[in-house]
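Asks:
Protein chains: 4
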Amino acid sequence: MTQLGIIGLGKMGGNMRERVRAAGIEVVGYDRNPDVTDVASVEELVSSLAAPRTIWVMVPAGEITSSVIADLADRLEPGDLVIDGGNSRFTEDALHAALLAERDVRFLDVGVSGGVWGLENGYGLMVGGDAADVERTMPVFDALRPEGPREEGFVHAGGVGAGHYVKMVHNGIEYGLMQAYAEGFELLEKSPIVSNVPGSFKAWQRGTVIRSWLLDLMVRALDADDDLSDIEGYVEDSGEGRWTVEEAIANAVPLPVISAALFARFESRQDDSPAMKAVAALRNQFGGHAVKSSE
Amino acid sequence: MTQLGIIGLGKMGGNMRERVRAAGIEVVGYDRNPDVTDVASVEELVSSLAAPRTIWVMVPAGEITSSVIADLADRLEPGDLVIDGGNSRFTEDALHAALLAERDVRFLDVGVSGGVWGLENGYGLMVGGDAADVERTMPVFDALRPEGPREEGFVHAGGVGAGHYVKMVHNGIEYGLMQAYAEGFELLEKSPIVSNVPGSFKAWQRGTVIRSWLLDLMVRALDADDDLSDIEGYVEDSGEGRWTVEEAIANAVPLPVISAALFARFESRQDDSPAMKAVAALRNQFGGHAVKSSE
Amino acid sequence: MTQLGIIGLGKMGGNMRERVRAAGIEVVGYDRNPDVTDVASVEELVSSLAAPRTIWVMVPAGEITSSVIADLADRLEPGDLVIDGGNSRFTEDALHAALLAERDVRFLDVGVSGGVWGLENGYGLMVGGDAADVERTMPVFDALRPEGPREEGFVHAGGVGAGHYVKMVHNGIEYGLMQAYAEGFELLEKSPIVSNVPGSFKAWQRGTVIRSWLLDLMVRALDADDDLSDIEGYVEDSGEGRWTVEEAIANAVPLPVISAALFARFESRQDDSPAMKAVAALRNQFGGHAVKSSE
Amino acid sequence: MTQLGIIGLGKMGGNMRERVRAAGIEVVGYDRNPDVTDVASVEELVSSLAAPRTIWVMVPAGEITSSVIADLADRLEPGDLVIDGGNSRFTEDALHAALLAERDVRFLDVGVSGGVWGLENGYGLMVGGDAADVERTMPVFDALRPEGPREEGFVHAGGVGAGHYVKMVHNGIEYGLMQAYAEGFELLEKSPIVSNVPGSFKAWQRGTVIRSWLLDLMVRALDADDDLSDIEGYVEDSGEGRWTVEEAIANAVPLPVISAALFARFESRQDDSPAMKAVAALRNQFGGHAVKSSE
């Protein structure tokens, strides 16, 4: 019988446990939060699974993921398999795979898309690693992915790192798509002639070239707040957009749209722009154009 | 009984005639092409419809649309209604409405989205004009729009011009969306680590944040030519993207993504870039960096 | 003996009167402001000059320039010459020239660069119109332009409109140059490793590839306020940047840098960005990411 | 008496040797090229200088610089000083300084600007490291920098790494400046109204807001080839532009202009754009728009 261990039961991991269980797979989850964990420790998680084990790590990318994987490397047996399903940078994957390989523990990296909707709709899965490891995990992937043809919600994209690479590009595209809709929203809001902006977005949902899931979500947002006046235009970024631009630079790929979307987020978080202070200062210097005092 | 006249039976108009007829509405179409026209002349089109008439103009934007509308102004009677369903710039609409109003002929502008798929899927409709004129045309709009709730494929966006304005913004967004997917495609193609690019696009179709109709079309394109090697990276633009950026400038709306997508098309059509000649010349001047001869 | 009439004695026109007079040319200036004007009316200006007259119009672009030129068309005689030295859009020039031509009055358009420094340094001059008209005005141009070879501060760029066209492009370039320095300033300010930002700008003034007059002005600004903390990052735009981008669009010229500089100014004037509200709303919808309340 | 060792006598290092010698400083240069070297080996270079030595490394950034510095670490004595004057990434400097510090050898990083003109005009110098090390090298810096006030061609910008950091930003600005002029050039070339493009650039040299050394170089280039028809629009990039954008991303600094200039270079080197293939494919899919065959 198929078993799965999950480490990390937050917004994503918790829902994934539920979805895999609903598919009839036995899942043991561990989280530091005692309210949601199934076992008291990683040690107990490992001992409660029969070898060869499959353990899905779903914790914040970076140092936390690395320390969880290092800990697993110490506890697991040859033939066990670790899956990093978090938003790790693809460059981390080879390091993690090598660390585990020293103990003959296998590794897959999986990019997971779908957000809070994944529990209901299923998650888009992008996987990197060896074919045999992918094959043995297929029941879990089938439980997590959306209904419909497997290849429309799942891909084995290449060797170790390819899953996170494809997820990184996915998120870069996501930045560009959101910014495109956002620019259209601003232009309609400023239009002297269009009186029904929310209705325009709603009407784009069927039949048009720009219909999409993000558009559906924009309609949901406008249903709740028809001019978004309750929301501040302040947008965080979580890494993948930066990595996408950096990877484009490394490969000499022009990325004007995705980089513009990233920079728009940086700007959104500035109270005042040092760059624009400089432009204001220059205009004042050559043309005597008035500047606004910062006070 | 509802009747509709259509002038212009090309790729769009011909399919629209078919879709409206399939809804049980009597349609008389005129086109200069004798193979597709129902009547021999605009004169005959007008005389074959009972007053008050509704005539949908579906011809190329610009001078052709203006001349057709001017001709109709001479032929129609008070209470008749002219609809411009082409990709006219919204600034034309007030002129056309005023011209027709001199004869007490009504006017609606309609942005139509859906391309060659509209016959089967229905067309997204964005309408500008007076509510009474919209109301009387509703049976035609219901025939053309996609199935499902009316407001998800149809909007009365405002007064004269608002329909084409919303369509213009729709197309501007479309530019941005396509460029975002395209940048992602190039990055994946250049990736040293991803071996299954078409499969990655295919896997984004379900569950992911970036699923959309354009993504489905990208999958279709990659199914036919898995690295797009048969296609040259040469992209026309048809006006709406330019107008979107111009309108943004007129309203002081920052449009970094949509403008970048527009400029990428301009670049795609250049054999050599005068701007980059200048940069090459400058580098040569200050640093002695070699230039490539244009021969 | 050479005479010149000037209409408009503001920041630019007043200094130009002084510079032309210093070259020994008789100048009669008119301004609505009685404190600076030489004569009481345009009528008096015209009557105080001997035919064939040369009258330099230096008033705000747009309706004011058009009305002044229309008024002159009524007052001048065949063979007189009107020069528009303001920042008119080049598309206006043909209209003004045609209006004047009905009375056999000649027309030149002149782009003038140099700002408040022009009185001392001379003004860069870009001229459009017929060669004979340029020739007869040469003493005035020589008085206004900087010392040094004539062709390094003066160009007859083409027929009517070419002067303002070249000035428009000049200003577009200016937008790009300022933004490039400004981005460098912000990056240095944010650098964890550079402790002497004003000194870095100062050190770029000699020997480096990026030395320029704008850089010298940046040093002046930093001398007065070493981190620009007294200035708000709020930047107006006065038309030429917008026209440059619009003209690029009309000619299918990619303009990523100049357009980015223009959009940065638009952004600088927004208290909150509607576009970024939309991005924040979308992230909240799909990922449950928190949004900032606008209150 | 002041002595200097230089390793690397290429286009830059060779000219710098000449300039420092002209200032009366004894210089011993080493290069692998026997035609230009003063000594037969680094060993001989070291032995020919009296302790405490100052050795300026002027070799290609990256592995070559690192290996030269590692070799020097083995050969030098406590109190000696190594200067990296190449275009190293600032992140390398701390590593090199630490390596040398193990032997009590000092380190300065110096960004050098001026290209092939530096021999005649002097070099702009941006220095990172400790004040005492800067002080003892001042005679060399004074020999290399342009005439005029020291602070207009030299800056001690901060600790180790700051010199290369400021040079990196200098080059990023340079990318933006060049692209701004280049876009202006293309727009003038495409203008239907301007007949004298080279003359327009020439006329911008005095009095205008956009006058600069790069503009002077553009005039030189146009003097030799008035429409740049002999040059292909193909532009390399050498690292600093990429690092500037990466550093901006690391510090959340929006860099729309400099990144656009970088991407324009990437595009200039592509025979065909994979991204634009994708856009062409999408337009074909939804609208039946014809694509160009790549054959």
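Chains as they are written, first to last, in the numbering used here: chain U, 1 to 295; chain Z, 1001 to 1295; chain D, 2001 to 2295; chain V, 3001 to 3295. Built from N, CA and C at the ideal position, the CB exists for glycine as well. Fair warning: this is a prediction, and the values are worked out from it, not measured in the lab.
#1: Determine the DSSP secondary structure at Trp1204/Z, reduced to helix, strand or coil.
#2: Using 7 Å as the limit for Cβ to Cβ distance, is Ile2258/D near chain Z?
#3: Please identify, using Cβ separations under 7 Å, the residues of the segment 2232-2246 of chain D that lie next to chain Z, in order along the chain.
#4: Kindly give me the distance between the Cβ atoms of Gly3005/V and Leu3076/V, rounded to whole angstroms, as I take these residues to be in contact under 8 Å.
#5: What would DSSP say about Glu3247/V, mapped onto helix, strand or coil?
#6: Leaving aside the five residues before and after Leu2119/D along the sequence, list all residues of the same chain whose C-beta is less than 7 Å from its C-beta, in chain order.
#7: Quick check on the burial criterion: 16 or more other C-beta atoms within 10 angstroms. Buried or exposed for Asn1033/Z?
#8: If contacts are defined as beta-carbon pairs under 8 Å, then Val3036/V and Gly3111/V qualify, I think. What distance do you get, rounded to the angstrom?
#9: Compute the distance between the beta-carbons of Asn1121/Z and Pro1149/Z, then report whether it is under 7 Å.
#10: Along the alpha helix (DSSP H) that carries Arg2136/D, what are the first and last residues, could you check?
#11: List, in order along the chain, the chain Z residues whose C-beta lies closer than 7 Å to that of Phe2286/D?
#12: Would you say Pro1274/Z lies against chain U (beta-carbon separation less than 7 Å)?
#13: What is the rounded straight-line gap between the Cα of Tyr181/U and the Cα of Ala1073/Z?
#14: Can you give me the C-alpha to C-alpha distance between Asp272/U and Pro3060/V, rounded to a whole angstrom?
#15: With a cut-off of 8 Å on the beta carbons, I'd call Gly3176/V and Val2197/D a contact; round off their distance for me.
#16: Please report the Cβ distance between Lys11/U and Val134/U, rounded to the nearest whole angstrom; I am assuming they are in contact, meaning their Cβ atoms lie under 8 Å.
#17: For Asn2121/D, which residues in chain B fall below 7 Å Cβ to Cβ?
#18: So who's on the other strand from Gly1111/Z, going by DSSP bridges?
#19: So which residues of chain V does Trp2204/D contact, with C-beta pairs closer than 9 Å?
#20: Indicate whether Pro1139/Z and Thr1244/Z have their beta-carbon atoms separated by less than 7 Å.
#21: Any residues in the segment 2179-2199 of chain D with a beta carbon nearer than 7 Å to a beta carbon of chain V? Which ones, in chain order?
#22: Just mark Asp1080/Z as buried or exposed, buried being the case when its beta carbon has 16 or more other beta carbons within 10 Å.
#23: Determine which residues share a DSSP beta bridge with His297/U and list them.
#24: Beta-carbon within less than 8 Å of Val3105/V's beta-carbon, same chain only, minus the 5 sequence neighbours each way: which residues are those?
#25: Could you tell me which chain Z residues have their CB closer than 9 Å to the CB of Ala162/U, listed as they occur along the chain?
#26: Please confirm whether Phe3266/V has its beta-carbon closer than 7 Å to some beta-carbon of chain U.
#27: Comparing the C-beta of Ala2252/D with each C-beta of chain Z, is any distance below 7 Å?
#28: Going by alpha carbons, who is nearest to Arg2109/D out of Ala2162/D, Glu2063/D, Arg2136/D and Glu2151/D?
#29: Please work out which residues of its chain come closer than 6 Å, Cβ to Cβ, to Met126/U, disregarding the five sequence neighbours upstream and downstream, and give them in chain order.
#30: Are Val3169/V and Gly3129/V touching if we call contact CB-CB under 7 Å?
#31: Is the CB of Ile2007/D under 7 Å away from at least one CB in chain Z?
#32: Excluding the 5 residues flanking Ala3281/V on each side, which residues of the same chain have their C-beta closer than 8 Å to its C-beta?
#33: In whole angstroms, what is the alpha-carbon distance linking Asn87/U and Ala261/U?
#34: Do Arg2269/D and Ile1249/Z have their CB atoms nearer than 7 Å?
#35: Within 10 Å of its beta-carbon, does Gly2207/D have 16 or more other beta-carbons around it, so buried, or fewer, so exposed?
#36: Hey, which unbroken runs of the beta strand (DSSP E) at 3 residues or more fall wholly within the segment 34-61 of chain U?
Replies: To lay it out plainly:
#1: Position 204 of the second sequence, counting from 1, holds the residue named residue 1204/Z. Looking at Trp1204/Z - three-state DSSP - the assignment turns out to be coil, as it is neither helix nor strand.
#2: Within the third sequence, numbered from 1, the residue matching residue 2258/D stands at position 258. It does not; no Cβ of chain Z falls within 7 Å.
#3: Arg2242, Val2245 and Glu2246
#4: The count along the fourth sequence starts at 1 and reaches residue 3005/V at position 5. The count along the fourth sequence starts at 1 and reaches residue 3076/V at position 76. Contact doesn't hold; Cβ gap of about 10 Å is too wide.
#5: Sequence index remark: in the fourth sequence, residue 3247/V carries index 247 (1-based). Helix at Glu3247/V.
#6: Taking the first residue of the third sequence as position 1, residue 2119/D is located at position 119. Cβ within range, chain order: Asn2015, Glu2018 and Arg2019.
#7: Residue numbering aside, residue 1033/Z sits at position 33 when the second sequence is read from its first letter. Its Cβ having fewer than 16 others within 10 Å, Asn1033/Z is exposed.
#8: For this step, residue 3036/V is matched to residue 36 along the fourth sequence. For this step, residue 3111/V is matched to residue 111 along the fourth sequence. About 24 Å; that fails the 8 Å criterion.
#9: Taking the second sequence and counting its residues from 1, one reaches residue 1121/Z at position 121. Taking the second sequence and counting its residues from 1, one reaches residue 1149/Z at position 149. The answer is no: Cβ separation not under 7 Å.
#10: Taking the third sequence and counting its residues from 1, one reaches residue 2136/D at position 136. Per DSSP, Arg2136/D belongs to the alpha helix (DSSP H) from Ala2131 to Arg2136.
#11: For this step, residue 2286/D is matched to residue 286 along the third sequence. Chain Z residues near Phe2286/D: Val1209.
#12: For the purposes of this step, residue 1274/Z is taken as residue 274 along the second sequence, with counting starting at 1. Chain U contact via Cβ: absent.
#13: Within the first sequence, numbered from 1, the residue matching residue 181/U stands at position 181. Within the second sequence, numbered from 1, the residue matching residue 1073/Z stands at position 73. Near 38 Å, if we compare the C-alpha coordinates of Ala1073/Z and Tyr181/U.
#14: Residue 272/U sits at position 272 when you count from the first residue of the first sequence. Residue 3060/V sits at position 60 when you count from the first residue of the fourth sequence. In a straight line, the C-alpha of Asp272/U is about 39 Å away from that of Pro3060/V.
#15: In the fourth sequence, residue 3176/V corresponds to position 176, counting from 1. In the third sequence, residue 2197/D corresponds to position 197, counting from 1. The pair is not a contact, with the Cβ atoms about 18 Å apart (cut-off 8 Å).
#16: Locating residue 11/U in the first sequence gives position 11, where the first residue counts as 1. Locating residue 134/U in the first sequence gives position 134, where the first residue counts as 1. No, Lys11/U and Val134/U are not in contact; Cβ-Cβ is about 26 Å, not under 8 Å.
#17: Protein chains in the displayed structure are U, Z, D and V, and chain B is not among them.
#18: Residue 1111/Z sits at position 111 when you count from the first residue of the second sequence. Its beta-bridge partners are Met1126/Z.
#19: In the third sequence, the residue the question calls residue 2204/D occupies position 204. The contacting residues are Ser3113, Gly3124, Met3126, Glu3152, Gly3153, Val3155, Val3166, His3170 and Ile3173.
#20: If you number the second sequence from 1, residue 1139/Z lands on position 139. If you number the second sequence from 1, residue 1244/Z lands on position 244. The answer is no: Cβ separation not under 7 Å.
#21: Gln2179, Ala2180, Tyr2181, Glu2183, Gly2184, Glu2186, Leu2187, Leu2188, Lys2190, Ser2191, Ile2193, Val2194, Ser2195, Asn2196 and Gly2199
#22: Residue 1080/Z sits at position 80 when you count from the first residue of the second sequence. Its Cβ being crowded by 16 or more others within 10 Å, Asp1080/Z is buried.
#23: Because chain U in this structure spans residues 1 to 295, residue 297/U falls outside the shown range and cannot be described.
#24: As a first step, residue 3105/V must be located in the fourth sequence, where it is residue number 105. So the list reads Leu3072, Ala3073, Leu3076, Glu3077, Pro3078, Gly3079, Asp3080, Leu3081 and Val3082, once near-sequence residues are dropped.
#25: The residue you call residue 162/U lines up with position 162 of the first sequence. Neighbours of Ala162/U on chain Z, chain order: Ser1191, Ile1193, Val1194, Ser1195, Asn1196 and Ser1200.
#26: Residue numbering aside, residue 3266/V sits at position 266 when the fourth sequence is read from its first letter. Yes, because at least one Cβ of chain U sits closer than 7 Å to the Cβ of Phe3266/V.
#27: Here residue 2252/D refers to the residue found at position 252 when the third sequence is read from its first residue. So yes, Ala2252/D belongs to the interface.
#28: Counted from its first residue, the third sequence places residue 2109/D at position 109. It should be noted that the sequence gives Asp, not Arg, for residue 2109/D. The candidate whose alpha carbon is nearest that of Asp2109/D is Ala2162/D.
#29: Stepping through the first sequence from its first residue, residue 126/U is reached at position 126. So the list reads Gly111, Val155, Ala157, Gly163, Val166 and Lys167, once near-sequence residues are dropped.
#30: Numbered from its first residue, the fourth sequence carries residue 3169/V at position 169. Numbered from its first residue, the fourth sequence carries residue 3129/V at position 129. Cβ atoms of Val3169/V and Gly3129/V: not closer than 7 Å.
#31: Stepping through the third sequence from its first residue, residue 2007/D is reached at position 7. No, no contact with chain Z.
#32: Position 281 of the fourth sequence, counted from the first residue, corresponds to residue 3281/V. Excluding residues within five positions, the ones whose Cβ falls inside 8 Å are Val3291.
#33: By one-based count along the first sequence, residue 87/U stands at place 87. By one-based count along the first sequence, residue 261/U stands at place 261. Distance between the alpha carbons of Asn87/U and Ala261/U is about 19 Å.
#34: Taking the first residue of the third sequence as position 1, residue 2269/D is located at position 269. Taking the first residue of the second sequence as position 1, residue 1249/Z is located at position 249. No, the Cβ-Cβ distance between Arg2269/D and Ile1249/Z is not below 7 Å.
#35: Translated into the one-based positions of the third sequence, residue 2207/D becomes position 207. It counts as buried.
#36: 54-57
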